[in-house]
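Structure record follows, encoded as structure tokens.
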Amino acid sequence: MKIHFIGIGGIGLSALAKFLYNDGHKISGSDIRQTEITNDLATNFDAKITIPHHADAVEGVDRVIYSAAVRPNNPEYQRAKELGIELLSRKESLKFILGEKKVYAVGGAHGKSTTSAMLASIVPESNALIGAISKEFGSNVRNFPNDRVVFEADESDESFLNSNPYLAIVTNVEPEHMEYYEYDEERFYNAYRKFLSLAKVRVINAEDEFLSSLDMESIKLYPSKDIRNIEFLLLNGEPHTRFELLNLGAFDVFGFGEHIALDAALAILAALELGEELEAIRKNFRNYKGIKKRFDIVQNQEQMVVIDDYGHHPTEIKVTMHSLQNYKKLRGFNTLNVIWQPHKYSRTIDNLQGFVECFDGVDELVILPIWSAGELEVDIDLKGAFSRYKLLMADSVTKEDSVVKVFKDGHVIREYTEGLVSAFGAGDITYQIRGEA
Numbered sequence: 018m019k020i021h022f023i024g025i026g027g028i029g030l031s032a033l034a035k036f037l038y039n040d041g042h043k044i045s046g047s048d049i050r051q052t053e054i055t056n057d058l059a060t061n062f063d064a065k066i067t068i069p070h071h072a073d074a075v076e077g078v079d080r081v082i083y084s085a086a087v088r089p090n091n092p093e094y095q096r097a098k099e100l101g102i103e104l105l106s107r108k109e110s111l112k113f114i115l116g117e118k119k120v121y122a123v124g125g126a127h128g129k130s131t132t133s134a135m136l137a138s139i140v141p142e143s144n145a146l147i148g149a150i151s152k153e154f155g156s157n158v159r160n161f162p163n164d165r166v167v168f169e170a171d172e173s174d175e176s177f178l179n180s181n182p183y184l185a186i187v188t189n190v191e192p193e194h195m196e197y198y199e200y201d202e203e204r205f206y207n208a209y210r211k212f213l214s215l216a217k218v219r220v221i222n223a224e225d226e227f228l229s230s231l232d233m234e235s236i237k238l239y240p241s242k243d244i245r246n247i248e249f250l251l252l253n254g255e256p257h258t259r260f261e262l263l264n265l266g267a268f269d270v271f272g273f274g275e276h277i278a279l280d281a282a283l284a285i286l287a288a289l290e291l292g293e294e295l296e297a298i299r300k301n302f303r304n305y306k307g308i309k310k311r312f313d314i315v316q317n318q319e320q321m322v323v324i325d326d327y328g329h330h331p332t333e334i335k336v337t338m339h340s341l342q343n344y345k346k347l348r349g350f351n352t353l354n355v356i357w358q359p360h361k362y363s364r365t366i367d368n369l370q371g372f373v374e375c376f377d378g379v380d381e382l383v384i385l386p387i388w389s390a391g392e393l394e395v396d397i398d399l400k401g402a403f404s405r406y407k408l409l410m411a412d413s414v415t416k417e418d419s420v421v422k423v424f425k426d427g428h429v430i431r432e433y434t435e436g437l438v439s440a441f442g443a444g445d446i447t448y449q450i451r452g453e454a
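All residue numbers for the sequence shown refer to my numbering, where the first residue is 18 and numbers rise by one.
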């Protein structure tokens, strides 16, 4: 079957495209700009990529799958409709992609990409569809000739309800994407109830307020009691977390923070339930190397380390800030400077006070323009809201010859050459901080 993807440059849709290519389908796609993801699809997955969107791109295809960001006025969407080509949203497409698979679905407000990649590491011959690049296999997709799939399940548009979970892990639950749920918290929580009820096996963080209230048979992790003796280590300059879990002994996992131990513990309990041997799990965790854009060290030198992190919600940023402080201490750095690109006007407004509070301990905070993700512009006084910080309002950043440069009105207004520098955001900040923008 010839399948065309509108918005193929997104991390989620590109994963589905690669997965279907490996299942024997011919794929093509389009997006608004050429990126590392679209280049990879063209080079390694024989995908014809159209930049920008154009009506001709859907000629001769059997099915069109489109991302949540695509609007009905998109020229390819309109042309496909005129031609009578089957049109499926990403959410709708999951039914035919995962319907016959044995799916190990990982949901939650925070940590689902990390937990998914960890589970893929310790269930070594599973397929994987993850919303981030696993550094272990250098992709957001992994294929094996079997029906087992580790799947990162997205609650933002209730698409996780179409994921056909055999096993469901939920890391935590926190109201997010409330514009989709029409700001109805009961509808939001009911979606999680339904997701968990679909699974035959459930593994949950039982200290989460919502998850602890559920009356469902589940494997329950109580992090404050079940996870002990957490240590943060540098092994060859790389961050590792060591911890003990229940009566299962010690585990050594790539990454820094209590949240790493929690995510790993949930993955371990799930893998044991799926029949993996304990010592094999312990050994296979050595293969896990983290995921791109999560505490992702993009420059590691004695005088300066630069980290890229996808955190775009106050809870995520606060947790990573704690990890950064630990890392700064272990490396012996004197400064921590943070560059933040807010993601979406709606999220920034809804969580403004949380964002104001989550950067505590930073020496200097650089705020870039809000990445709209397709939303209409809203005027927000970020300079006033963040006045408690040593603050730089900037236009962009780049990394050049091991120097992080901050720009305003075409001029360099700051250069970072030492200490710990971290960038946060889900927009194009990841390319800026790597010097690829």
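We treat Cβ as the ideally placed atom computed from N, Cα and C, and that holds for glycine. All of these numbers come straight from a predicted model, not from anything done at the bench.
In this structure, the alpha-carbon of ILE82 lies about 25 Å from that of TYR327. Linking SER173 to VAL355 through their CA atoms gives a straight-line distance of about 27 Å. Under DSSP, HIS276 takes part in no beta bridge, so it has no partner. It is roughly 9 Å from the alpha-carbon of TYR121 to the alpha-carbon of ALA216. The beta carbon of TYR362 lies closer than 8 Å to those of ILE387, SER389, GLU392, LEU393, GLU394, VAL395 and ILE397 in the same chain, with the five residues before and after it left out.
Annotation: the continuous beta strand (DSSP E) that includes ASN144 extends over 144-151. Short of 6 Å from the beta carbon of VAL167, and not among the five residues preceding or following it, lie these beta carbons of its own chain, in chain order: TYR121, SER133, LEU136, ALA137, SER143 and ALA145. With respect to HIS21, VAL75 sits close: the two C-beta atoms are nearer than 8 Å.
Between the alpha carbons of MET233 and GLY29 lies a gap of roughly 30 Å.
Close CB contacts of TYR94 within its chain, under the 8 Å cut and outside five residues either way in sequence, are with ILE23, VAL81, TYR83, VAL87, ARG88 and LEU104 (chain order). For HIS339, the enclosing alpha helix (DSSP H) has its first and last residue at 331-348.
The way I'd put it, the segment 254-264 doesn't touch the segment 188-202; fewer than three beta-carbon pairs between them come closer than 8 Å.
Residue pairing from DSSP places ASP325 in a beta bridge opposite ASP313 and ALA440. In the same chain as VAL429, and ignoring 5 residues on each side of it, the C-beta atoms closer than 6 Å to its own belong to LYS422, in chain order. DSSP places GLY46 in the uninterrupted beta strand (DSSP E) bounded by 43-47. For MET410, the uninterrupted beta strand (DSSP E) run begins and ends at 408-410, by DSSP.
Using a Cβ distance threshold of 8 Å, VAL315 and ILE147 do not count as a contacting pair. In the structure shown, the three-state DSSP call for THR52 is coil.
Residue ALA208 holds the alpha-carbon nearest to the alpha-carbon of PHE227 among VAL140, ALA208, SER413 and LYS242.
Annotation for ILE397: no beta strand (DSSP E) segment contains it, and DSSP assigns it neither H nor E. The C-alpha of LYS19 lies about 22 Å from the C-alpha of ASP164. Within the same chain, SER47 and ALA74 come within 7 Å of THR67 by CB-CB distance, once the 5 residues on both sides are set aside.
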